[in-house]
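Undergrad: Heads up: the sequence shown begins at 326 in this note's numbering, then just goes up one per residue. Even for Gly, the Cβ is constructed at its ideal location relative to N, Cα and C. Structure incoming, see below.
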Amino acid sequence: MSYVRRFDHVGITVADLDVVSAFFVALGLEVEGRAFVEGEFLETVCGIPDSRTEIVMLKSPDDRARLELASFVRPDSVPGSPAAMANELGLRNVSFEVNDLQAAVDWAASEGYGLVGGIGEYEGAWRMAYVRGPEGIIVSLAERIG
Numbered sequence: 326m327s328y329v330r331r332f333d334h335v336g337i338t339v340a341d342l343d344v345v346s347a348f349f350v351a352l353g354l355e356v357e358g359r360a361f362v363e364g365e366f367l368e369t370v371c372g373i374p375d376s377r378t379e380i381v382m383l384k385s386p387d388d389r390a391r392l393e394l395a396s397f398v399r400p401d402s403v404p405g406s407p408a409a410m411a412n413e414l415g416l417r418n419v420s421f422e423v424n425d426l427q428a429a430v431d432w433a434a435s436e437g438y439g440l441v442g443g444i445g446e447y448e449g450a451w452r453m454a455y456v457r458g459p460e461g462i463i464v465s466l467a468e469r470i471g
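Structural data, given as structure tokens:
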């Protein structure tokens, strides 16, 4: 028996909700909603007493996946490792299929976000690159070829 019914979303805790959400909106995601969450529900789920967070829920253009960005109002955020590489344990990357990889990489560079490595090709089927986005988030961009 499978307990999973469908994939729902990936959540990322960030320091600057406006900057990070603007990055993903410019990449092509759409804002679905923005709200503050606090109280018994949040305290129970995240295990942090007296917590309050602001979230932005983004959705993919095909409406099949969601990305939740959260910024804690209380308590203060705990710094992560913004220079983490792909072999560091934890969230590895957030991945999107794009129509034009080079255009997406060029746009990211124009916004000050560079490649982690380079643009690679996998078995003549995919071109892919890791971009280090705001707050060190690694964003995998992949273009189907062939």
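(1) Starting from the N-terminal side, write out each stretch of the alpha helix (DSSP H) that is 4 residues or longer and does not extend beyond the segment 369-436.
(2) Find out if the Cβ-Cβ distance for the pair H334, E393 is shorter than 8 angstroms.
(3) Quick one: is L414 buried, meaning 16 or more other Cβ sit within 10 Å of its Cβ, or exposed?
(4) What's the C-alpha gap between G439 and F348?
(5) Report buried or exposed for M382, applying the criterion of at least 16 other Cβ atoms within 10 angstroms of its Cβ.
(6) Could you compute how far the alpha carbon of A340 sits from the alpha carbon of P407?
(7) Pull up the DSSP beta-bridge partners for E448, would you.
(8) What's the C-alpha gap between I337 and A395?
(9) So, do the segment 355-373 and the segment 458-470 have three or more beta carbon pairs nearer to each other than 8 angstroms?
(10) State the start and end residues of the unbroken beta strand (DSSP E) segment that holds V356.
(11) Start and end of the alpha helix (DSSP H) containing A467?
(12) Between the C-alpha atoms of R330 and A360, what's the straight-line distance to the nearest angstrom?
(13) Please confirm whether E468 and L416 have their CB atoms less than 8 angstroms apart.
(14) Report the three-state DSSP secondary structure of A351 (helix, strand or coil).
TA: Judging by the given coordinates:
(1) 426-435
(2) The answer is yes: Cβ separation under 8 angstroms.
(3) exposed
(4) 13 angstroms
(5) buried
(6) 11 angstroms
(7) DSSP output for E448 lists no bridge partner at all.
(8) 6 angstroms
(9) no
(10) 355-363
(11) No alpha helix (DSSP H) holds A467; the beta strand (DSSP E) holding it covers 463-469.
(12) 26 angstroms
(13) No; because the gap between Cβ atoms is not below 8 angstroms, this pair is not in contact.
(14) helix
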